[in-house]
Amino acid sequence: MDKYMRGVQDMPYMPKKAEAEFRTLVARSLENWLPLIVGVVAQNLRVEGYRSADNPDDVAPWGYWDANQMDSRQNAVHRSALTFGVGYVAALPGDNGPAIRPMSPLSVTGMSEELDAEWLDAAIRFLGNVKGENGAKLERWEVWDAETVSEILVPEGEYERADKWRVVREDYHGASRCPVVPFRNRWADAPDTRPHELGEVSPLIPIQDRLNETTLNMKIAESYSAFRQRWASGIAIPRDPKTGLPIETFRAAVDRMWMVENKDVKFGEFGQTDLSGYLSSREAAIKSMSAIAQVPPHYLLGGMVNISADALRLPNRA
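Each number in this note's numbering comes from the position in the sequence shown (counting from 1) with 970 added on.
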């Protein structure tokens, strides 16, 4: 999911012995629509206040939100949930109120015994690699449970050898439960559902690949057959006596005429490829992406007219 969002996508098919010119067309055919899908929804998700029903002013806990700069950092949580199906936020007791910190699901995994549990039983977070005293490569892991936040060093790949793990830090966090909160894009309805399958990106990857292939085919047609090519038969092409290369005998221009002495010589031209089929295929793929993502098609296609106000609204995604 992360690679596709960054534009590092699977390339359309190309022959193993493809020339550099063809490889350039393949690279130029990638059109990354997925960040637009996520961005359209994320731009409409924003917490702007914390108020009671009978008071238009923000209540006191809103100060904790401001103190943790969540006004600008909340977008990372929304985009994580939309892209990967879940985002995480850690909320620990601090000296001046709760310390709130968004965490990427690329480094955090939440665990709960019940599939639909509101709170996590535990969470683990990968902190990177370090070198041990003997130069061995160690992995740093942070473990959050109902009582403590611990840092554990694990020899690389030794996940089933707990006797080799070393706890280097163990702090009591003082919260009443695991202080890592998941923000889900959708709730899972099956025990084997993986988090990314509940995001907005995963279902759209096949359409993104199809769109790239259609764009590549169109660019090939543009480059090699979208313009008329002329042909001639019944003539001998002269060659340069020094280089042996063919000499161009006819030059096309609006003020030039081609003439030959041999009455058996024939001229003609190949028809150009009609690109309308490729354009229609692209538009159909984009419309499919719009329908599956529940994003109004004018966000992606543009140029649409006579659209009602109701059609312009983002649908209710609850």
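For every residue, glycine included, the Cβ atom is placed at its ideal position computed from N, Cα and C.
Residue i versus the options, residue with shortest Cα-Cα distance
i, options, result
"Asn1099", "Ala1092, Glu1112, Leu1090, Gly1033", "Glu1112"
"Cys1148", "Thr1184, Leu1097, Ala1060, Thr994", "Ala1060"
"Gln1242", "Ser1193, Asn1038, Ala990, Gly1102", "Ser1193"
"Glu1140", "Asp1162, Ser1146, Trp1114, Pro1161", "Trp1114"
"Ala1145", "Gly1067, Ile1217, Asp1041, Pro1216", "Gly1067"
"Ile1177", "Arg1209, Pro1165, Ala1023, Arg1252", "Arg1252"
"Ile1007", "Pro982, Leu1123, Tyr974, Gly1127", "Tyr974"
"Trp1003", "Asn1045, Val1171, Asn1187, Ala1206", "Val1171"
"Tyr983", "Ala1037, Arg976, Leu1000, Tyr1269", "Leu1000"
"Trp1228", "Leu1181, Pro985, Asn1038, Ile1205", "Ile1205"
"Ser1120", "Arg1136, Val1017, Glu989, Asp1065", "Arg1136"
"Leu1108", "Glu1088, Ala1092, Lys1134", "Lys1134"
"Ala1263", "Gln1199, Gly1169, Ser1250, Asp1210", "Gly1169"
"Glu1117", "Leu1123, Asn1104, Tyr1142, Glu1128", "Tyr1142"
"Ala1012", "Gln1044, Pro1026, Pro1208, Phe992", "Gln1044"
"Asp980", "Leu1215, Gln1039, Arg998, Gly1127", "Arg998"
"Gly1247", "Arg1164, Val1047, Met1188, Ile1207", "Met1188"
"Ser1250", "Ala1093, Val1230, Thr1184", "Thr1184"
"Ala1046", "Arg1016, Gly1033, Asn1025, Pro1026", "Arg1016"
Same chain, Cβ closer than 8 Å to residue i, neighbours up to 5 away in sequence not counted
i, result
"Ser1050", "Val1056, Gly1057, Tyr1058, Pro1072, Ser1074, Pro1075, Phe1153"
"Glu921", "Past the boundaries of the shown model lies residue 921; the chain is included only from 971 to 1288, so the question cannot be answered."
"Leu1245", "Met1188, Ala1191, Glu1192, Ala1196"
"Val1138", "Glu1121, Ile1122, Leu1123"
Sequence-distant residues of its chain with Cβ nearer than 6 Å to residue i (five each side left out)
i, result
"Arg1095", "Ser1077, Val1078, Glu1112"
"Ala1202", "Phe1237"
"Leu1097", "Arg1110, Glu1112"
"Val1010", "Val1265, Tyr1269"
"Ala1069", "Leu1062"
"Leu1181", "Ala1255"
"Gly1102", "Leu1108"
"Ser1082", "Leu1090, Asp1091"
Opening and closing residue of the alpha helix (DSSP H) in which residue i lies
i, result
"Val1100", "From DSSP, Val1100 is part of no alpha helix (DSSP H) but of the beta strand (DSSP E) over 1092-1101."
"Ala1261", "1246-1263"
"Asp972", "972-975"
Status (buried if at least 16 other CB within 10 Å, exposed otherwise) for residue i
i, result
"Asn1014", "exposed"
"Leu1085", "exposed"
"Asn1232", "exposed"
"Thr1219", "exposed"
"Ser1260", "buried"
"Gly1271", "At residue 1271 the sequence reads Leu, which differs from the Gly that was named. By the neighbour-count rule (16 or more Cβ atoms within 10 Å), Leu1271 is not buried but exposed."
"Leu1174", "buried"
"Leu1186", "buried"
"Ile1122", "buried"
"Thr1213", "exposed"
"Phe1054", "buried"
"Val1150", "buried"
Own chain partners of residue i with C-beta closer than 7 Å, once the 5 adjacent residues on each side are dropped
i, result
"Asp1028", "Gly1019, Tyr1020, Arg1021"
"Ile1190", "Leu995"
"Ala1106", "Pro1125"
"Pro1005", "Met975"
"Leu1215", "Arg1209"
Range of the contiguous beta strand (DSSP E) that encloses residue i
i, result
"Asn1038", "No beta strand (DSSP E) holds Asn1038; DSSP gives it neither H nor E."
"Asn1232", "No beta strand (DSSP E) holds Asn1232; DSSP gives it neither H nor E."
"Asn1025", "1025-1028"
"Ile1217", "Counting along the chain, Ile1217 falls outside any beta strand (DSSP E), and DSSP gives it neither H nor E."
"Ile1122", "1118-1125"
"Lys1107", "1107-1114"
"Ala1069", "1069-1073"
"Glu950", "Since the displayed the chain opens at 971 and closes at 1288, residue 950 lies outside it and no answer follows."
"Arg1198", "Run containing Arg1198: none; DSSP gives neither H nor E here."
"Leu1062", "1056-1062"
"Val1078", "1078-1081"
Simplified DSSP assignment, three categories, for residue i
i, result
"Tyr983", "coil"
"Ala1191", "helix"
"Asn1002", "coil"
"Gln1178", "helix"
"Trp1032", "helix"
"Pro1149", "coil"
"Glu1167", "helix"
"Val1290", "One cannot answer for residue 1290 here, as it falls past the ends of the chain, which runs 971 to 1288."
"Glu1183", "helix"
"Glu991", "helix"
"Gly1009", "helix"
Closer than 6 Å: residue i CB and nearest the ligand ADP heavy atom
i, result
"Arg1131", "In terms of ligand content, the structure shown is empty, and the ligand ADP therefore cannot be addressed."
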